[in-house]
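K.L.:
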Amino acid sequence: MTETADANAKRGIDGRKFALIFVALALLLSLTAVYLNYHFTQNRGVLQERLQKENQQLIQMLRGRIAFLRLRANGSPEINAKLDVLSKRLDEAAALPPTKYQQVGQACSEVETAVYLMERDAGIPK
Numbered sequence: 000m001t002e003t004a005d006a007n008a009k010r011g012i013d014g015r016k017f018a019l020i021f022v023a024l025a026l027l028l029s030l031t032a033v034y035l036n037y038h039f040t041q042n043r044g045v046l047q048e049r050l051q052k053e054n055q056q057l058i059q060m061l062r063g064r065i066a067f068l069r070l071r072a073n074g075s076p077e078i079n080a081k082l083d084v085l086s087k088r089l090d091e092a093a094a095l096p097p098t099k100y101q102q103v104g105q106a107c108s109e110v111e112t113a114v115y116l117m118e119r120d121a122g123i124p125k
């Protein structure tokens, strides 16, 4: 028995000490992750509110551009159908909750690209 104890003493740390150090290190890493998450996300509500306001302003601007394209279309059913689809997409984006600001931004980007292409085809200068 003493030979085994001597062999463990020569190796350094025994199993119980290693397990204790491992658990303490894991706990320290976990607490650090919780603190960093709190530190970097405590203003999430303010950020969501600001991004939602920006997205709503973008939606209003896009609706204005769509209305202008409708006036220039002179009742063309093909163009009006495309504009109806874009308006519906904007309505869906506007109805999303504030936590979905990324999806709203993506929808606005898609609609803005389509509106830009339609304006370019209509010869409207940017």
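Note that numbering that gives the first Met the number 0 has the sequence shown beginning at 0, numbered continuously upward. All residues carry an ideal CB built from backbone N, CA and C; glycine is no exception. Predicted model only: the values in this text are computed from it and were never measured.
(1) Note down, in chain order, each residue of its chain lying with its Cβ closer than 7 Å to the Cβ of Asn54, except the 5 sequence neighbours on either side.
(2) With a floor of 4 residues, list each alpha helix (DSSP H) that falls wholly inside the segment 10-79, ordered by position along the chain.
(3) May I have the straight-line CA-CA distance separating Arg15 from Phe21, to the nearest angstrom?
(4) Just how far apart, CA to CA, sit Ala92 and Arg71?
(5) Within 10 angstroms of the Cβ of Val45, are there 16 or more other Cβ atoms? Answer buried if so, exposed if not.
(6) Give the C-beta separation of Arg69 and Val114 to the nearest angstrom, bearing in mind that I take them to be a contact with Cβ-Cβ under 8 Å.
(7) Could you tell me whether the segment 76-86 touches the segment 36-50, where touching means 3 or more Cβ pairs closer than 8 Å?
(8) State buried or exposed for Met117, treating a residue as buried only when at least 16 other CB atoms are found within 10 Å of its CB.
(9) As a quick exercise: from Gln47, Glu111 and Ala23, pick the residue whose alpha carbon is nearest that of Ile58.
(10) Rounded to a whole number of angstroms, what is the C-alpha to C-alpha distance between Ile123 and Ala94?
(11) Could you spell out the range, first to last residue, of the alpha helix (DSSP H) harbouring Thr112?
P.N.:
From the atom records:
(1) On the sequence shown, residue 54 is found 55 positions in, with the first residue counted as 1. Taken in chain order, the residues that qualify are Tyr100, Val103, Gly104 and Cys107.
(2) 14-40 and 43-72
(3) Your numbering for residue 15 matches position 16 in the sequence shown. Your numbering for residue 21 matches position 22 in the sequence shown. Rounded to whole angstroms, Arg15 to Phe21 spans 10 Å at the Cα level.
(4) Position 93 of the sequence shown, counted from the start, is the residue given in the question as residue 92. Position 72 of the sequence shown, counted from the start, is the residue given in the question as residue 71. Looking at the two C-alpha atoms, the distance is approximately 25 Å.
(5) For the purposes of this step, residue 45 is taken as the residue at position 46 of the sequence shown. Exposed.
(6) Taking the sequence shown and counting its residues from 1, the one referred to as residue 69 is at position 70. Taking the sequence shown and counting its residues from 1, the one referred to as residue 114 is at position 115. The Cβ separation is near 11 Å, so there is no contact.
(7) Taking 8 Å as the limit for Cβ pairs, the verdict is that the segment 36-50 does not touch the segment 76-86.
(8) Position 118 of the sequence shown, counting from 1, holds the residue named residue 117. Buried: at least 16 other Cβ atoms inside 10 Å.
(9) In the sequence shown, counting from the first residue as 1, residue 58 sits at position 59. A check of alpha carbon separations from Ile58 across Gln47, Glu111 and Ala23 identifies Glu111 as the nearest.
(10) The residue labelled residue 123 in the question sits at position 124 within the sequence shown. The residue labelled residue 94 in the question sits at position 95 within the sequence shown. Rounded to whole angstroms, Ile123 to Ala94 spans 30 Å at the Cα level.
(11) For the purposes of this step, residue 112 is taken as the residue at position 113 of the sequence shown. Segment Tyr100 to Ala121, the alpha helix (DSSP H) holding Thr112.
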